[in-house]
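One structure is given below, encoded as structure tokens.
Number of protein chains: 2
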Amino acid sequence: MIKKYKNPIAKKIKRVKIMITVFSGGTGTPKLIQGIKEIYPEEEITVVVNTVENLYMSRGYIAADIDTVMYTFADMIDEEFWYGIKGDTFIVREQLIEMGTTELLRLGDKDRATKLQKAILLEEGWALSDIVELQKDKLGIKARIIPMSDEESEISIVTKEHGEIEFHDFLIKYQCNCEVLEVKYANVSPSPKLIESIEKCDKVIFGPSNPITSIRPIISIDGVEDALKEKEVIAVSPFVGKSAFSGPAGQFMNAFGYETSSKGVAELYKSFLNTLVIDNQDEEFKEEIEEIIPNVIVTNTFMKTIEDKINLAKIILE
Amino acid sequence: MIKKYKNPIAKKIKRVKIMITVFSGGTGTPKLIQGIKEIYPEEEITVVVNTVENLYMSRGYIAADIDTVMYTFADMIDEEFWYGIKGDTFIVREQLIEMGTTELLRLGDKDRATKLQKAILLEEGWALSDIVELQKDKLGIKARIIPMSDEESEISIVTKEHGEIEFHDFLIKYQCNCEVLEVKYANVSPSPKLIESIEKCDKVIFGPSNPITSIRPIISIDGVEDALKEKEVIAVSPFVGKSAFSGPAGQFMNAFGYETSSKGVAELYKSFLNTLVIDNQDEEFKEEIEEIIPNVIVTNTFMKTIEDKINLAKIILE
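Set out below in structure tokens:
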């Protein structure tokens, strides 16, 4: 394992002794987690991870968002793609291609072991949350990582051009170049510790993940929205102006009838949200959003450097 | 792919223009194949491979004997273990162990790709024989390689000490240290080209594989024994005196009521066998065996060097 990087500015942070629960998808929130874990003890962090994009591929079980969160905590994440392990080799993949099988996702060898072990243990009857606990322990992670559900989830995108397609086809095959009419996912039961992880924490944080495909599936689970109403909830908007920081979030927001903007995020989360963090560039919308939810914090939400990430984490935690 | 080694003595061989079919298990016969392929055009060789030991492991489909035959033709075989690919890496395996999953078989990365591709394509509905055809083509092999059956086979060993156990547990977990009472395997249907591969060839060769667990399962398939009776069949005895060259062949012979010797092999194959090749050390038993089957050839059957293998192949083919 790689030695953990501790940024010098981390030492200046006065630690707030509260348990936090972070809702996460695959890219935006892990960046924020990189900041949080520099200034906050891992033992007091719980991350609830979206599972709707999970799928079997090449005999492995791909829980991409979970693995990204694990690799982020273990300082193993490949930050170029925000999936997979940095410096991984591709021997199995290259041999598969040589033999005529090209996989949609580019899996490295160590990363493939993570995926294969999940499939092996699922086949043996393990629950996904127990597998994730084993894996994150083996990677030396002290934070708790909880899949939102142990049930198989499914997500599909209804497009104007191709009808109903699988989410991964939308992302990879069609490179998001479709008009999204609807985003469909089934209701699943909460994993055993999901509701408790909200009830027992002092603060719930939504990272800047895709509100529709990453965060909303967690909120939609029975009991989650009610539990959130009892807590301090702070969210980081993934939008600046009308464009998402990354990925197809905007297309999805529109399909659900929300504006692709921080205001749209406030509308989506308004039943329980206390505070929305928006970017400096969106300062002009602060008052408008404060009519929807109690508090708005304006700051830099671009997380390019580790200092950006730590500064954003400080604002959220203090 | 590794450039094919052509031994200088190979040039001296006068080629016999006949189609041959070789029945093979996992170790003895592949050594003979190394000799045959040096002096015989691959296009005229068909190898029928035992499948009773096939199994799923770690989400891959392990057809160990088939892969050993493929890797032997492709000059990729790891001759230390007679399974796997020489020079292979073990990155996935090491990561699995790091995460707490230790596999019974030691799978290398490229070899794992072979196993994963089989499982991927079986899941897509491919027949095993079509998968093997794809894989051997991709490895540049001109010989035909035919799994004895496309159906799932099972083999178990009834032991005095541990009752009925799986074959791989017998081999690996218990290291063959059991008293074998019975060897059980289910009847399976022939793969589409099995009977034809015997009917259309001019000579059938049984390599020195385990007569009970490698060759007998092929013979037991409906139609095979009748087809063999119409052909010239030559077998190489895996025994010298009362000991097998390698593996637990002796224990199995006894369990079926056969002597663990070349004479036992002659008894087992007598309904169709024309010629048995026995080792120089067994010359004293020649006459005794000739009372059971028509012809006995006495020669060196130890295959330590490539010259040994080629010489044995010459005797069988000429």
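The listed protein sequences derive, respectively, from chains A and B.
For the first sequence, my numbering puts the final residue at 1648, and the numbers step up evenly by one.
For the second sequence, my numbering puts the final residue at 1648, and the numbers step up evenly by one.
Note that the Cβ used here is the ideal one computed from N, Cα and C, for glycine as well.
Once you ignore the five residues that flank B/R1474 on each side, which residues in its own chain have a CB closer than 6 Å to its CB?
-> The sequence position of residue 1474 of chain B within the second sequence is 144, counting from 1. For B/R1474, where only same-chain residues beyond five positions count, the Cβ hits under 6 Å are T1376.
Could you have a look at B/N1641 and say whether DSSP puts it in helix, strand or coil?
-> Counting from one through the second sequence, the residue named residue 1641 of chain B turns up at place 311. B/N1641 falls in the helix class under three-state DSSP.
For A/I1619, the nearest candidate out of A/M1633, A/A1565, A/K1644 (CA to CA) = As a first step, residue 1619 of chain A must be located in the first sequence, where it is residue number 289. The candidate whose alpha carbon is nearest that of A/I1619 is A/A1565.
Over what stretch of residues does the beta strand (DSSP E) that includes A/A1565 continue unbroken?
-> Sequence index remark: in the first sequence, residue 1565 of chain A carries index 235 (1-based). Segment 1562-1566, the beta strand (DSSP E) holding A/A1565.
Beta-ladder partner(s) of B/M1387, from DSSP | As a working note, residue 1387 of chain B is residue 57 in the second sequence. Its beta-bridge partners are B/G1390.
Could you pull the start and end residues of the beta strand (DSSP E) that B/Y1599 belongs to?
-> Numbered from its first residue, the second sequence carries residue 1599 of chain B at position 269. That residue, B/Y1599, is in no beta strand (DSSP E); its alpha helix (DSSP H) goes 1592-1599.
So what does DSSP say about A/F1569, is it helix, strand or coil?
-> Position 239 of the first sequence holds residue 1569 of chain A. Note: A/F1569 maps to strand in three-state DSSP.
In the DSSP assignment, find the unbroken alpha helix (DSSP H) run with B/F1411 in it and report its ends.
-> As a first step, residue 1411 of chain B is located in the second sequence; it is residue number 81 there, counting from the start. Run containing B/F1411: none; DSSP gives neither H nor E here.
At least one CB of chain A closer than 8 Å to the CB of B/S1459: is that the case?
-> In the second sequence, residue 1459 of chain B corresponds to position 129, counting from 1. No, because no Cβ of chain A sits closer than 8 Å to the Cβ of B/S1459.
Under 8 Å between the Cβ atoms of B/I1476 and B/V1382?
-> In the second sequence, counting from the first residue as 1, residue 1476 of chain B sits at position 146. In the second sequence, counting from the first residue as 1, residue 1382 of chain B sits at position 52. The answer is no: Cβ separation not under 8 Å.
Per-residue burial, B/D1480 [other beta carbons within 10 Å of its own, 16 or more giving buried] = Along the second sequence, one-based indexing puts residue 1480 of chain B at 150. Looking at its Cβ environment, which holds 16 or more other Cβ atoms inside 10 Å, B/D1480 is buried.
Mind checking if B/Q1425 is an interface residue toward chain A, Cβ cutoff 8 Å exclusive?
-> To locate residue 1425 of chain B, count along the second sequence from 1; it is residue 95. Chain A contact via Cβ: present.
In the DSSP assignment, find the unbroken beta strand (DSSP E) run with A/F1353 in it and report its ends.
-> As a first step, residue 1353 of chain A is located in the first sequence; it is residue number 23 there, counting from the start. Residues 1350-1354.
Please report the residue range of the beta strand (DSSP E) in which B/D1609 lies.
-> The count along the second sequence starts at 1 and reaches residue 1609 of chain B at position 279. First-last of the beta strand (DSSP E) with B/D1609: 1605-1609.
Grouping DSSP H, G and I as helix and E and B as strand, with all else coil, what is B/E1512?
-> Sequence index remark: in the second sequence, residue 1512 of chain B carries index 182 (1-based). Note: B/E1512 maps to strand in three-state DSSP.
CA-CA distance, A/G1356 and A/E1374?
-> Taking the first sequence and counting its residues from 1, one reaches residue 1356 of chain A at position 26. Taking the first sequence and counting its residues from 1, one reaches residue 1374 of chain A at position 44. Their Cα atoms are separated by approximately 21 Å.
Answer with yes or no whether the minimum CB distance from B/Q1447 to chain A is below 8 Å.
-> Counting from 1 along the second sequence, the entry for residue 1447 of chain B is found at position 117. Yes, its Cβ sits closer than 8 Å to a Cβ of chain A.
Quick one: using the 10 Å Cβ neighbour count with 16 as the cut-off for buried, is A/I1450 buried or exposed?
-> The residue given as residue 1450 of chain A occupies position 120 in the first sequence. Buried.
Output yes if chain A places a C-beta closer than 8 Å to the C-beta of B/R1442; else output no.
-> Sequence index remark: in the second sequence, residue 1442 of chain B carries index 112 (1-based). Yes, B/R1442 lies at the interface with chain A (some Cβ there is under 8 Å from its Cβ).
In this structure, does DSSP put A/G1455 in helix, strand or coil?
-> Against the first sequence, residue 1455 of chain A aligns to sequence position 125. A/G1455: coil per DSSP, three-state reduction.
Return helix, strand or coil for A/N1584, following the three-state DSSP convention.
-> By one-based count along the first sequence, residue 1584 of chain A stands at place 254. In this structure, A/N1584 counts as helix in the three-state DSSP scheme.
Taking only the alpha-carbon atoms, compute the straight-line gap between A/E1433 and B/E1491 and give it to the nearest angstrom.
-> What you label residue 1433 of chain A is simply residue 103 of the first sequence in a count that begins at 1. What you label residue 1491 of chain B is simply residue 161 of the second sequence in a count that begins at 1. Near 46 Å, if we compare the C-alpha coordinates of B/E1491 and A/E1433.
Since A/Q1465 meets chain B, which of its residues come closer than 7 Å, beta carbon to beta carbon?
-> Counting from 1 along the first sequence, the entry for residue 1465 of chain A is found at position 135. Per Cβ cutoff of 7 Å: M1429.
Run through the region 1506-1561 of chain B for me and flag every whole beta strand (DSSP E) of 3 or more residues, listed as ranges in chain order.
-> 1510-1515, 1533-1536
B/I1542: which of B/G1594, B/A1643, B/L1524 sits nearest, CA to CA?
-> Here residue 1542 of chain B refers to the residue found at position 212 when the second sequence is read from its first residue. Checking every option, the nearest Cα to that of B/I1542 belongs to B/G1594.
A/K1416 at chain B interface by Cβ criterion, 8 Å = Sequence index remark: in the first sequence, residue 1416 of chain A carries index 86 (1-based). No, A/K1416 lies away from the interface with chain B (no Cβ there is under 8 Å from its Cβ).
Beta-carbon proximity list for B/D1552, same chain, < 8 Å, skipping 5 on both sides = Within the second sequence, numbered from 1, the residue matching residue 1552 of chain B stands at position 222. Hits under 8 Å: N1517, S1519, P1520.
What's the gap between the Cα of B/I1677 and the Cα of B/F1582?
-> Residue 1677 of chain B lies beyond the range of chain B shown here (1331 to 1648); nothing can be said about it.
Quick one, are the C-beta atoms of B/D1609 and B/F1632 less than 8 Å apart?
-> Locating residue 1609 of chain B in the second sequence gives position 279, where the first residue counts as 1. Locating residue 1632 of chain B in the second sequence gives position 302, where the first residue counts as 1. A contact, by the Cβ cut-off of 8 Å.
In the structure shown, what three-state DSSP assignment does A/P1477 receive?
-> Taking the first residue of the first sequence as position 1, residue 1477 of chain A is located at position 147. A/P1477 falls in the strand class under three-state DSSP.
In angstroms, rounded to a whole number, what distance separates the CA positions of B/E1428 and B/D1532?
-> Position 98 of the second sequence, counting from 1, holds the residue named residue 1428 of chain B. Position 202 of the second sequence, counting from 1, holds the residue named residue 1532 of chain B. Taking the straight line from one Cα to the other gives about 52 Å.
Tell me whether A/F1500 is buried or exposed, calling it buried when 16 or more other Cβ atoms sit within 10 Å of its Cβ.
-> Translated into the one-based positions of the first sequence, residue 1500 of chain A becomes position 170. When all chains shown are included, A/F1500 counts as buried.
Own chain residues within Cβ distance below 6 Å of A/K1458, not counting five before or after | What you label residue 1458 of chain A is simply residue 128 of the first sequence in a count that begins at 1. The question names Lys, but residue 1458 of chain A is Leu in the sequence shown. Result list for A/L1458: P1477, D1480, in chain order.
Going by other Cβ atoms of all chains shown within 10 Å of its Cβ, with 16 needed for buried, is A/G1358 buried or exposed?
-> Here residue 1358 of chain A refers to the residue found at position 28 of the first sequence. Buried is the call here.
Reference A/K1554; option with closest CA among A/P1538, A/V1534, A/N1540 | Working through the first sequence from its first residue, we reach residue 1554 of chain A at position 224. Residue identity check: residue 1554 of chain A is Val in the sequence provided, not Lys. Looking at the Cα atoms, A/V1534 is the closest of the given residues.
Note down, in chain order, every chain A residue with its Cβ under 7 Å from the Cβ of B/I1450.
-> By 1-based counting over the second sequence, the position of residue 1450 of chain B is 120. Those are S1388, R1389, T1431, listed as they occur along chain A.
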